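Note that the sequence shown covers residues 11 to 422 in the working numbering.
We put the beta carbon where it would ideally sit given N, CA and C, even for glycine.
Please read these numbers as outputs of a predicted model, since none were measured by experiment.
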Amino acid sequence: MRNLKINGERLWASLMQLAEIGATPKGGVCRLAASDLDGRARRLFIRWCEEAGCTVTVDRIGNIFARRAGRRGGLPPVMAGSHLDTQPTGGRFDGAYGVMAGLEVVRTLNDLGYETEAPIEIVAWTNEEGSRFSPAMVGSGAFAGVFDLAYGLGRPDNVTGVTLGAELERIGFAGAAPVGGRSVTAYFEAHIEQGPILEAAGLPVGIVTGAQGQRWYEVTVTGQEAHAGPTPMPRRRDALVGAARMIDTVNRIGHAHAPYACATVGFVQVSPNSRNTIPGCVFFTVDFRHPDDAVLTRMDRDLREGCAAAAATQKLEVAVEEFWYFPPTPFDPQLVDRVREAAAVQGYAHQDIISGAGHDAVYLARVAPSAMIFVPCVGGISHNEIEDAKPEDLAAGCNVLLNALLETADTP
Ligand code: GLV
Ligand code: MN
Ligand code: MN
């Protein structure tokens with residue numbers, strides 16, 4: 011395996027320039043999927059890729075592929091990428107790092123005049139975050155055949171209902187290329203860890219062996235709207251009181267399956283949301299995660315029982331719909347070994363780690379050997395404007411990406 015180095019200063023400068031698009035007062039980024047700002051970030055990325063000599067195509071769900079030719083053009087590409095969309099209170103690195111790391115690999119190969127055997131493609135997947143349009147990982151899921159195109163394009167904005175497809179049209183990123191249906195030699199994704207493990211261990215690199223499973227739900231609680239003054243407490247059917255008890259149950263389920271379970275309610279809508287009307291309807295989401303599928307199944311049972319019990323005590327109806335699921339996903343053992351070897355060759359101390367977050371690599375793993383490289387983030391904080399990472403760690407992860415990717419592209 012080779013022992014080449016990327017240009018860490020150039021990588022950092024590109025990340026900082028990209029982070030200006032959607033910059034927030036607290037130093038983060040708000041660049042929601044298929045928004046005007048997402049369009050601007052996409053255009054900057056494409057300009058940089060074209061300046062680096064790549065040929066850019068956009069598929070019908072807006073995934074962007076920037077191809078650097080290989081010596082054997084007929085070989086399927088080795089891909090590296092991630093996403094450019096962010097959470098509403100997102101940081102500068104979640105997603106952006108994986109895309110900019112792919113670009114930095116290509117720029118480094120250009121500097122060296124290095125021609126790989128297989129072509130390389132830098133990828134920016136559409137709507138990884140699943141915040142504005144749910145679920146997450148829609149572009150990579152469509153590419154991998156998990157979602158059909160109509161489903162992906164039809165995803166509604168969680169608040170306004172405008173579809174992902176309409177917004178991609180509007181920002182000029184409903185491309186012409188077919189979605190997926192082509193071979194990929196391998197997929198690599200570099201990402202900040204988004205948790206505290208690597209920082210606590212003092213390690214610059216994590217070798218990601220897989221990602222934990224997730225179950226997402228949509229819960230609708232129905233009671234009866236009534237006047238806040240004349241309606242005695244025993245007569246009320248207050249949907250928000252019921253939802254509050256259910257939300258507490260979600261949190262308890264997470265604690266009950268410690269230490270690995272995660273359980274979150276992050277989106278709540280109250281209707282009619284008027285201070286002197288008893289709420290008649292509440293909609294909320296649930297995000298469950300665990301590395302063991304059997305535990306996720308137990309959490310599912312606990313959720314349904316807990317919601318039914320809370321509804322009964324308040325004389326409410328409740329509908330608990332599973333909205334999205336993917337099982338715990340191991341990455342390709344050979345490709346993971348290659349990442350580990352690249353870290354060793356570079357002299358970086360490292361450990362194996364399981365991803366707590368969902369990533370486009372989870373869906374790519376269904377159609378191609380896939381692997382991820384993690385680097386620490388400051389305080390383990392992500393999905394927060396103060397998300398931060400050290401330039402030297404970002405460079406380390408990108409060096410690992412470069413050499414693991416070269417080994418793959420040269421011995422496809
Ligand atoms: C993606 O950001 C996730 O929620 O894991
Ligand atoms: Mn991400
Ligand atoms: Mn994210």
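Near ligand 3: residue i beta-carbon under 7 Å from a heavy atom
| i | result |
| --- | --- |
| ALA367 | yes |
| GLU203 | no |
| ASP104 | yes |
| GLN97 | yes |
| GLU139 | yes |
Contact test: residue i Cβ vs ligand 1 heavy atom, cutoff 7 Å
| i | result |
| --- | --- |
| ALA43 | no |
| ALA146 | yes |
Bounding residues of the alpha helix (DSSP H) (the contiguous stretch that carries residue i)
| i | result |
| --- | --- |
| SER150 | 148-153 |
| PHE143 | Segment: none, PHE143 is in no alpha helix (DSSP H) and carries neither H nor E. |
| SER24 | 18-29 |
| ALA254 | 249-266 |
| ALA405 | 401-420 |
| ALA176 | 174-181 |
| ASP46 | 46-61 |
Pick from the options that is closest to residue i, judged by C-alpha positions
| i | options | result |
| --- | --- | --- |
| GLU228 | GLY252, VAL296, ILE202 | VAL296 |
| ILE288 | PRO242, CYS272, PRO301, ALA271 | PRO242 |
| ILE56 | ASN73, CYS40, ARG41 | ASN73 |
| ILE16 | ASP420, LEU415, THR421 | LEU415 |
| GLN234 | THR339, VAL251, GLY83, GLN222 | VAL251 |
| ARG12 | HIS369, ALA399, ASP398, GLN356 | GLN356 |
| ALA29 | PRO422, ARG50, ILE391 | ARG50 |
| ILE132 | MET110, PHE143, GLU138 | MET110 |
| GLU203 | ALA236, GLY216, GLU125 | GLY216 |
| ASP121 | LEU14, THR219, GLY108, VAL148 | LEU14 |
| PRO145 | ALA211, GLN224, HIS265, ARG77 | GLN224 |
| TYR335 | TYR373, GLY220, SER141 | TYR373 |
| LYS400 | GLU177, ARG82, SER141, HIS201 | HIS201 |
| MET382 | VAL278, GLU351, ALA186, GLU199 | GLU199 |
| GLN324 | ASN283, SER365, ARG348, MET256 | MET256 |
| ARG20 | ALA211, CYS408, ALA378 | CYS408 |
| GLY368 | PRO379, PHE277, ALA221, VAL231 | ALA221 |
| GLY264 | ALA354, GLU351, ARG308 | ARG308 |
| ASP104 | VAL148, GLU114, GLY205 | GLY205 |
| LEU412 | VAL148, VAL66, THR118, THR65 | THR118 |
| ARG285 | ALA134, VAL156, ASP248 | ASP248 |
| ASP303 | PHE294, THR232, HIS267 | HIS267 |
| GLU417 | LEU404, GLY366, ALA354, VAL349 | VAL349 |
| VAL346 | VAL330, ALA196, GLY190, VAL115 | ALA196 |
Rounded distance between the beta-carbons of residue j and residue i, thought under 8 Å
| i | j | result |
| --- | --- | --- |
| ALA130 | VAL88 | Checking the displayed sequence, the identity of residue 130 turns out to be Ile instead of Ala. About 5 Å separates the two Cβ atoms, so the contact holds. |
| GLU127 | PRO338 | At roughly 33 Å, the Cβ-Cβ gap does not stay under 8 Å, so GLU127 and PRO338 are not in contact. |
| ALA359 | LEU213 | 5 Å |
| HIS393 | GLY91 | Not a contact, Cβ separation roughly 20 Å. |
| LEU25 | ALA106 | 6 Å |
| GLU139 | ALA44 | Not confirmed; about 11 Å, so no contact. |
| VAL292 | VAL278 | 7 Å |
| PRO340 | THR219 | 7 Å |
| LEU174 | LEU163 | 6 Å |
| ARG102 | GLU397 | 7 Å |
| ASP342 | PRO379 | 4 Å |
| GLU402 | GLY18 | 7 Å |
Limits of the beta strand (DSSP E) - the one that residue i falls within
| i | result |
| --- | --- |
| ARG82 | Careful: ARG82 lies outside any beta strand (DSSP E) and carries neither H nor E. |
| ARG376 | Careful: ARG376 lies outside any beta strand (DSSP E) and carries neither H nor E. |
| MET382 | 380-385 |
| ASP297 | 291-300 |
| TYR227 | 223-232 |
| TYR107 | Taken as a continuous stretch (DSSP letters only), TYR107 belongs to no beta strand (DSSP E), being part of the alpha helix (DSSP H) at 106-122. |
| VAL355 | VAL355 -> not in any beta strand (DSSP E); alpha helix (DSSP H) instead, spanning 343-355. |
| ASP158 | Per DSSP, ASP158 belongs to no beta strand (DSSP E) and is neither H nor E. |
| VAL305 | Not the beta strand (DSSP E): VAL305 falls in the alpha helix (DSSP H), residues 303-323. |
| ILE207 | Run containing ILE207: none in the beta strand (DSSP E); it sits in the alpha helix (DSSP H), 207-211. |
| ASP362 | 360-365 |
| GLU199 | 196-202 |
| CYS272 | 272-274 |
| ALA134 | 130-135 |
| GLU332 | 327-336 |
| SER281 | 278-281 |
| THR67 | 65-68 |
Check: residue i C-beta below 7 Å from any heavy atom of ligand 2
| i | result |
| --- | --- |
| GLU395 | no |
| HIS267 | no |
| SER92 | yes |
Below-8 Å beta-carbon distance, residue i vs any chain D residue
| i | result |
| --- | --- |
| GLU60 | In summary, chain D is missing from the structure at hand, where a single protein chain is found. |
Counting beta carbon pairs with one atom in the segment 148-161 and one in the segment 71-85, are three or more of them shorter than 8 Å? The segment 71-85, when compared against the segment 148-161, does touch it at the 8 Å Cβ threshold.
Contact between the segment 56-65 and the segment 93-102: three or more CB pairs below 8 Å? No, because fewer than three Cβ pairs between the segment 56-65 and the segment 93-102 fall closer than 8 Å, the two stretches do not touch.
Are at least three pairs of beta-carbons, each pair with one atom in the segment 178-185 and one in the segment 311-329, less than 8 Å apart? no
State whether the segment 78-88 contacts the segment 385-401, with contact taken as three or more CB pairs (one from each stretch) at a distance under 8 Å. no
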